[in-house]
Amino acid sequence: MKRTLAALTLLVAIFTGAHAQMDMEQHITWKFSTNNLEDGKVEIICEASIDDGWHVYSSELPENTAVPTSIEVEESEAYSILDGITEEPKPTAHFDETFGAELKWFDKKATFKKVVQLKQEGDVIIKGYIESMICNDETCMPPEMVDFELTVNTAAPVSEQVTDSTNADESEEEESYWGIFFLAFGGGLAALLTPCVFPMIPMTVSFFTKTSATKAAGIRNGILYGLSIIVIYLLLGVVVSFFFGASALNQLSTNVWFNLFFFLLLVVFAASFFGAFEIVMPSSWVNFTTKNEDKGGFLGIFFMAFTLALVSFSCTGPIVGALLVNAARGGLVGPIVGMLGFSSALALPFAFFAAFPGYLNSLPKSGGWLNSVKVILGFLELAFAFKFLSIADMTMGWHILEREVFIAIWIAIFGAMGFYLLGKLRLPHDSPMEYIPVSRFLMGLLVLSFTIYMIPGLWGAPVNLISGFPPPKNYAESPFGVGDQTPVQGIVSSNDNHGGMPEGMHYGPQGIPAFKDYDLAMAYSKKVNKPLLLDFTGLGCTNCRKMEDKVWSNESIKAMLANDYILVSLYVDDRKKLDEPYVSDITGKKIRTVGQKWAEFQMERYQQQGQPYYVIIDEDEKTLNTPVAYDPDIKKYKNWLLDGLEKYKSR
């Protein structure tokens, strides 16, 4: 009896421990509810609680990066599914060097909502699932699909919308708005040095010298002038927000045609800055405001500020346009905050010189140096223009501006800027120089050094200083470097394949021959008598890419993986649908995709969910040594591979 009791106790402990481990690996829990809206619409609400140190991705991510959160609703005659997902609070943005893109995610909690339109009265059952992937700084869990089944009734009252946010949400929004403000403030400071704005300072002093009879009047008029400038630019932010809205601007920022338009616009502005032509506002507009300056009082001060905005438009226009596009990511308030920051930087010095005209004498005189500033801004405008063209190119898959072409264009642009700074190039409005100032000489050397740094990028170097601007490495003419030299020794050139690849094999990371299907890989492993290396990985797994880039790139490790092992990469976030979905014996969840299949396989065989995860097995599916996870130590990984080979041979 005691033995039986002990055995039962042991079984309970094992089951409880396994169950606890699976619960621990979830790191996210979901709560589902509905909210009746007007006109028969129902909002499906999916609320996530996320463990500390983990995050879940937004529903909007760049293509070919991580797995975005999505809500899938089963079709029914009782309702129609409306497009789009809304999410709360605002996700935080983080630049991911692996994907060369900005990714958005949520910490601690997140809410995703989707709307359906009911077509009938009475109780309606809505079925579906939410798919998400969570990660921390070291690993990612496989994408998980959590089913929901909700009953709604059109007779239920319309629910009140909850708009309150937590202090953490307010803090995140506040931090985001401060970022927009300071970015825009920097843009305003840059605008001050443009030749369209700088010459307005003497005009300002001349105007206020005549209107400010006393020191007190000068200070008052200077404050009014500065506030007028801020109000004019704030009105621009309000108009953009009101007529277009944050969602429309967000869509514009990733829209193909908008990016093409903005590319052409920046090219036109760059040509103007180089001196090809002059962009000016209609003379009737400027004449109207100039006439009204003479009215005096607050109205005259306001029209003086309006004149400043119009005259300086040819230089401030592209800066303001770029700020509005980026500020729109901060919601409806974003463009307003952006214009507040920009106009504040622009207004402060003008308000100062309006209040104290005598201080004008301390400024450097306008001259050729201002045109040089304008030309340098032209080079920067031209360089940034190609980022917009790159977004459109990758979205449409045209492949006309792949990574090598983009870097080559930037090398040409910044190389020309460097030679211009050193006085080797002259443009139409440049003044002749007898000598190059030391500051300009040093800046020229810095720009040329940056240009030389980018050159190895043409041959596949990472060029991390410009990470995020050129397309990622997988969007290139030669993803493996110039010459596309992939390892063809060993497996691919073996006699039994007559120099070709077996069925299901392809060139994987670092050009290493690999499978994506476990059964095909196992069959080939038995055929050639080589151990099988299971690589549990993910398309959106950052640390997987780090292992491939930093460890698998080692020549000795690459040679072992290509010649001594049969590599099979099992992507747990592969969203390809299975021909026949099935229900998991472990979790009871419905397995719908290839990625779920491999995630289930990893959990069932090895009680692990994180990636990357590496396992060495023989033809009998026996694990040869202790599996390993993320560890970028090349020596350790090499010794682990050698140990696996030794144990395979000594079986």
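For the sequence shown, the residue numbers in mature numbering (1 follows the signal peptide of the UniProt record, and there is no 0) are -20 to -1, 1 to 631. Even for Gly, the Cβ is constructed at its ideal location relative to N, Cα and C. Keep in mind it's a predicted model, so treat the numbers as computed, not measured.
Under 8 Å, do residue i and residue j count as touching if we go by C-beta distance?
i      : j      : result
Val595 : Pro612 : no
Glu23  : Trp10  : no
Val418 : Leu401 : no
Met527 : Tyr610 : yes
Ile105 : Val126 : no
Phe366 : Phe386 : yes
Ser60  : Gln97  : yes
Phe282 : Ser208 : yes
Lys84  : Thr72  : yes
Leu438 : Ala503 : no
Ile391 : Leu514 : no
Ser533 : Gln490 : yes
Phe516 : Ser324 : no
Ser458 : Gly440 : yes
Leu604 : Tyr586 : no
Ala46  : Gln100 : no
Phe254 : Val355 : yes
Phe92  : Gly108 : no
Met413 : Gly398 : no
Arg525 : Ala456 : no
In three-state terms, what does DSSP make of residue i?
i      : result
Ser39  : coil
Ser323 : helix
Asp553 : coil
Asn605 : coil
Gly108 : strand
Tyr617 : helix
Ile391 : helix
Lys89  : strand
Pro315 : helix
Ile571 : strand
Trp265 : Residue placement at Trp265 is poorly supported in this model, since its pLDDT is 48, which falls under 50; the coordinates are not used for a value here.
Met481 : coil
Asp127 : strand
Val53  : strand
Gln582 : helix
Thr45  : coil
Phe75  : strand
Glu67  : strand
Leu547 : strand
Lys84  : strand
Ile416 : coil
Pro329 : helix
Pro179 : Unreliable positioning characterises Pro179 in this predicted model, as indicated by a pLDDT of 49, which lies under 50. The coordinate reading is nonetheless provided below. The answer is coil: DSSP assigns Pro179 none of H, G, I, E or B.
Ile380 : coil
Quick one: is residue i buried, meaning 16 or more other Cβ sit within 10 Å of its Cβ, or exposed?
i           : result
residue 647 : It is not possible to answer for residue 647, since the shown part of the chain is limited to -20 through 631.
Gln576      : buried
Ile492      : buried
Gly206      : buried
His7        : buried
Pro436      : exposed
Leu362      : buried
Gln582      : buried
Ser536      : exposed
Asp600      : exposed
Gly202      : buried
Asp554      : buried
residue 694 : In the structure as shown, the chain begins at -20 and stops at 631. Residue 694 is therefore absent and cannot be evaluated.
Asp499      : exposed
Met319      : buried
Ala196      : exposed
Asn509      : exposed
Val552      : buried
Trp378      : exposed
Pro442      : exposed
On the DSSP bridge list, what partners appear for residue i?
i           : result
Ser13       : Ile25
Gln97       : Lys21, Ser60
Pro612      : Answer is none; Pro612 lacks a bridge partner.
Asn133      : Asp103
Ser536      : Paired residues: none, contrary to the question.
Ser594      : It is Tyr, not Ser, that sits at residue 594 in the sequence shown. Its beta-bridge partners are Asp515, Val608.
residue 665 : This structure cannot settle anything about residue 665, because the visible part of the chain is limited to -20 through 631.
Tyr562      : Ile571
Against chain D, does residue i count as a neighbour if the rule is that its beta carbon must be under 8 Å from one of theirs?
i      : result
Ala503 : Any reference to chain D falls outside this structure, which holds one protein chain only.
| query | Taking only runs of the alpha helix (DSSP H) that begin and end inside the segment 491 to 534, which ones reach a length of at least 4 residues, in chain order? | reply | For the segment 491 to 534, whole alpha helix (DSSP H) runs of length 4 or above, ordered along the chain, are 498 to 508, 522 to 530.
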